[in-house]
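Numbering-wise, the sequence shown is residues 426 to 650 according to my numbering.
All C-beta atoms, glycine included, are put in the ideal place defined by N, C-alpha and C.
Note that this is a predicted model, so its numbers are computed, not measured.
Report on the structure given below.
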Amino acid sequence: MIPWSQIDSAPVPGGDGELRLMRRGAEFSIMLGSNQLMNSRLSGSEQALATIACGRLEALERPHLLIGGLGMGFTLRAALAVLGTKARVVVAELMPAVLKWARGPMAEMFGSSLTDPRVSIREVDVADLIRSSRSTFDAILLDVDNGPEALAREANNVLYGVRGLRAAHTALRPGGVLSVWSSGPDLKFAKRLRDAGFEVDELKVRATGTRGGARHVIWIATRAK
């Protein structure tokens, strides 16, 4: 078997650890310590994060989306594949290294998604972008850290607390959708979503997109019209 090799590393802003980009043949992995945050072979749940949310926006001619966390681009590419030509997608990515990896070692995997005319890339904390927005987005897709229980950066907990969720509610247009990815279930988070004013659906999806593999959780939270 081909061994893993480290391509690059970068400190996590406001965190104690560092992200490492690993490669084994054509396979990529982003690691935080001994924890694998994402793998290029396990994209099913990240794609579902986009396709399920975008399915709720089919009636909109010009949907405006915010994606929090670029990662390996699974969510972005899945959204672009189903959205029309008049859609707008803002991607907020805090770590410059992740953008560098997307345009460098993983460029072939990203294809033309980063230069798609529908896409704008913002090197900002998605929490700041949400807090500064009012009735701006039709959907907010969050694939930040490990989900509601932050792993890489304690500050990411702000996104998933009641105050952060209320900010997301405010940033959405009436009928808008907040779609949140998590590595596992979290009963308290579902309650916080409801406390923030959302109607909530909780879905379990396979990491691989098939019958095998780990189950991840996606919450689809809708702002009432």
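What are the start and end residues of the beta strand (DSSP E) that includes residue i?
i: ARG681; result: No statement about residue 681 is possible, as the shown extent of the chain runs from 426 to 650 and does not include it.
i: SER545; result: 544-547
i: GLU627; result: 623-631
i: ARG559; result: It is not in any beta strand (DSSP E) - ARG559 carries neither H nor E in the DSSP assignment.
i: LEU462; result: 460-464
Where DSSP assigns a beta bridge to residue i, which residues make up the other side?
i: HIS489; result: ARG513
i: MET447; result: GLN431 and SER454
i: PRO438; result: PRO438 is not bridged to any residue.
i: ILE645; result: SER604 and ASP626
i: ARG640; result: ARG631
i: LEU566; result: ILE492 and SER604
Quick one, are the C-beta atoms of residue i and residue j less than 8 Å apart?
i: ARG528; j: LEU539; result: yes
i: LEU618; j: ALA646; result: yes
i: ARG559; j: THR595; result: yes
i: GLY493; j: LEU597; result: no
i: PRO521; j: LEU446; result: no
i: HIS641; j: SER607; result: yes
i: ASP563; j: LEU485; result: yes
i: MET497; j: MET463; result: yes
i: THR633; j: LEU467; result: yes
i: ARG556; j: PRO599; result: no
i: LEU495; j: VAL523; result: yes
Within the continuous alpha helix (DSSP H) that includes residue i, where are the two ends?
i: VAL507; result: 499-507
i: ALA604; result: A quick correction: the sequence has Ser, not Ala, at residue 604. Unbroken run through SER604 is the beta strand (DSSP E), 597-607; no alpha helix (DSSP H).
i: VAL523; result: 521-528
i: LEU474; result: 469-480
i: VAL583; result: 582-585
i: MET396; result: Any property of residue 396 remains undetermined from this structure, which presents the chain solely from 426 to 650.
So which of the options has the shortest CA-CA distance to residue i?
i: VAL544; options: GLU471, LEU508 and LEU603; result: LEU508
i: LEU491; options: SER468, ALA517 and SER430; result: ALA517
i: LEU628; options: LEU567, ALA639 and TRP644; result: TRP644
i: LYS650; options: GLU533, GLY601 and GLY458; result: GLY601
i: ASP433; options: MET426, ILE427 and LEU444; result: LEU444
i: ALA615; options: ILE555, LEU590 and ARG556; result: LEU590
i: VAL551; options: ASP541, PRO573 and ALA593; result: ALA593
i: PHE499; options: VAL523, ALA639, GLY469 and GLU533; result: GLY469
i: ARG448; options: MET534, VAL583, ALA512 and VAL549; result: MET534
Can you say whether residue i is buried or exposed, counting buried as having 16 or more other CB atoms within 10 angstroms of its CB?
i: ALA504; result: buried
i: GLY450; result: exposed
i: PRO438; result: exposed
i: ALA366; result: Any answer about residue 366 is impossible in this case: the structure gives the chain only from 426 up to 650.
i: VAL587; result: exposed
i: VAL630; result: buried
i: GLU624; result: exposed
i: ALA577; result: Per-residue confidence for ALA577 stands at a pLDDT of 49, beneath the threshold of 50, marking its modelled position as unreliable; the derived number appears in the next sentence. Buried, by the Cβ-count rule.
i: THR510; result: exposed
i: ILE427; result: exposed
i: GLU471; result: buried
i: PRO488; result: buried
i: GLY480; result: exposed
i: SER454; result: buried
i: GLY609; result: exposed
i: PRO573; result: buried
i: ALA621; result: buried
For chain C, find out if any of its Cβ atoms is closer than 8 Å to the Cβ of residue i; answer yes or no.
i: GLY509; result: Any reference to chain C falls outside this structure, which holds one protein chain only.
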